[in-house]
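Mapping of the sequence shown onto our numbering: position 318 corresponds to residue 1060, and the numbering continues sequentially without gaps. The beta carbon of each residue, even a glycine, is placed where N, CA and C say it ideally should be. Remarks on the structure that follows.
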Amino acid sequence: MTASFALCLTLLIPSVGAVLIALTGRNPNLRETVTLVTAGVLFIVVLMLLKMTSDGAPAAVILWYMVPGLPLALSIEPLGMLFGLVASGLWIVNSVYSIGYMRGNNEGHQTRFYICFAVAIASAMGIAFAANMFTLFIFYEVLTLSTYPLVTHKGNDDARRGGRIYMGILIGTSIGLQLVAIVWTYVASGTLDFTAGGILSGKVDGPMVPLLLALYMFGIGKAALMPFHRWLPAAMVAPTPVSALLHAVAVVKAGVFTVMKVAVYIFGIDFLAQTGGADWLIWVAAFTVLAASLVAMTKDNLKARLAYSTVSQLSYVVLGAALATSMGVIGGSMQIVMHAFGKITLFFCAGAIYVATHKTEISQMTGLGRVMPFTFGAFFIGALSIIGLPPMGGAWSKWYLMLGAAETHHVIIIIVLMVSSLLNVAYLLPLVARGFFLPAEDSEPIAQSVGAAANPQAPRQRPKIQEAPLLCVLPPCFTAFGCLVLFFYADYIYRLLEPLVTQ
């Protein structure tokens, strides 16, 4: 198998999987087997691509010339390889979790759910391996359209309202801003190919540089940069596996991945550093980091709190791109992986709590840690990674971002990152403390024996462990372990990303 053929398979496998899921929809066991096999085969193909390209095999293919000079084309570079690995690998875990969640809640329209999920992953693969901005934009829009039925899955008024906000902001920003930036780039440079060092040096200058960058940054609505972030909390009406898809596997990661691709391959970090075209973006990203964290602290609904946490964490990637330094790019790119594992763990845990107890508000979860120790333990580990504490993977992305800020003498940005970590502690760890260390407020009286009833001083029985179904508990435990593994094997990610800043 050639690398070019394997590239085509990354689109073909999930697309064929979507068709097979539709054909097997009447048999849930077969349908879900098809989903898991498709996810597994895709991940194997992406791993093969990593091996082949590491050995020096060329990997590029033109799928179709839609118009002369603008091919729909695929190729591999380090950042795309990283995103492809994250999206395809976490699809397996999310599929296992989805089976437990969808069955545990007796959700309707499950076949449609799995079909749209497969199409969304196919579009994520197209984004990851896009050879030019035109190809990326096409798959970016397909991702938006394929996830809309997932956001509105429940079909109630809240779901439809959330879907309207989701589509309105994402389509509005991409057509009204990002497409304008793409056309401007093509007119100025004559190409949209992703090129090491960028394609705009000498083609755009003066105030046009920050203006064009602003069209891209605000046009990439999936990056949730304030004030175009409202779609993300609105989309939390979706089932938890969809929230995990939005926050960790595909959608927001496609957004910040696109931000980094634009900074590195369209503008070029040297060009941005020389012109100062991204200086304004540093402060917008820093504001989003802090403001979203402050909003998260006010939310009692767990998924809403996690949604605003994601808005904050995504701007770490934007900040890394805006710093326009080698360490900033490494740190921002690492954050794509570290945040994916940490945040998918937190959403998996939120869904497991809902399946087991139907509780959604943090104030309702007092004492739950003692009856759901594996779920709350996994939440604790995921939270530590999001906070950025060793020995969790999230520590490395923040470390390199601070080095990038130090390179440009932005001491205030280092302070922003430190304050952000403290705010992460303030809105994530209280749930763990409430779950493990406070007595349940609404639990049934714990049964006592006759002898114990006669003796009030007799020890009370420990609460019985009542976790969610196994398929809802194993995935967050696995991804929580992944947060730990990423800390000790971050060097592999660094070496994969190093060509971004050495070309």
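C-alpha of Phe999 to C-alpha of Phe879: approximately 12 Å in a straight line.
Within 10 angstroms of the beta-carbon of Arg773 lie 16 or more other beta-carbons, which makes it buried. Relative to the Cα of Ala938, the nearest Cα in the group Leu1173, Leu887, Gly759 and Val1004 belongs to Val1004. Residue range Ser1068 to Thr1099 is occupied by the alpha helix (DSSP H) that includes Ile1078, with no beta strand (DSSP E) assigned at that position. Beta-bridge partners assigned by DSSP to Trp806: Leu814. When C-beta atoms of the segment 840-854 are compared with those of the segment 794-801, fewer than three pairs fall below 8 Å, so the two segments do not count as touching. Under the DSSP definition of a beta bridge, Glu1103 partners with Asn1043. DSSP, reduced to helix, strand and coil, places Asp899 within a helical segment of the structure shown. Under the three-pair Cβ rule at 8 Å, the segment 1044-1060 counts as touching the segment 960-979. In the three-state DSSP reduction, Ala1210 falls in the coil class, being neither helix nor strand. Collapsing the DSSP output to three states places Asn769 in coil. For the pair of segments examined, the segment 1031-1045 was found to touch the segment 1165-1173: the number of CB pairs separated by less than 8 Å reaches three. Counting the other Cβ atoms within 10 Å of the Cβ of Gly997 gives 16 or more, which makes it buried.
If you check the CB distance, Thr752 and Val788 come in under 9 Å. Rounded to the nearest whole angstrom, the CA to CA distance from Val1174 to Ile1095 is 13 Å. Around the Cβ of Phe960, a 10 Å sphere holds 16 or more other Cβ atoms; the residue is buried. Put simply, of Ala1063, Gly940 and Ala1066 the residue whose alpha carbon is nearest the alpha carbon of Gly1010 is Gly940. Contact between Ile1123 and Leu1213 is ruled out by a C-beta separation of about 19 Å, above the 8 Å threshold. Between Ser931 and Leu921, the C-beta spacing is not below 9 Å. In terms of Cα proximity to Ala870, the closest of Ala829, Ile1154, Val1060 and Asn1043 is Ala829. Listed in chain order, the alpha helix (DSSP H) runs fully inside the segment 1097-1174 are 1115-1129 and 1136-1149, counting runs of at least 4 residues. Per DSSP, the beta bridge partners of Asn874 are Asp935. Within its own chain, the residues whose Cβ lies closer than 8 Å to the Cβ of Leu824, once the five positions on either side in sequence are excluded, are Ser1075, Ile1078, Val1079, Ile1235, Leu1238 and Leu1239, listed in chain order.
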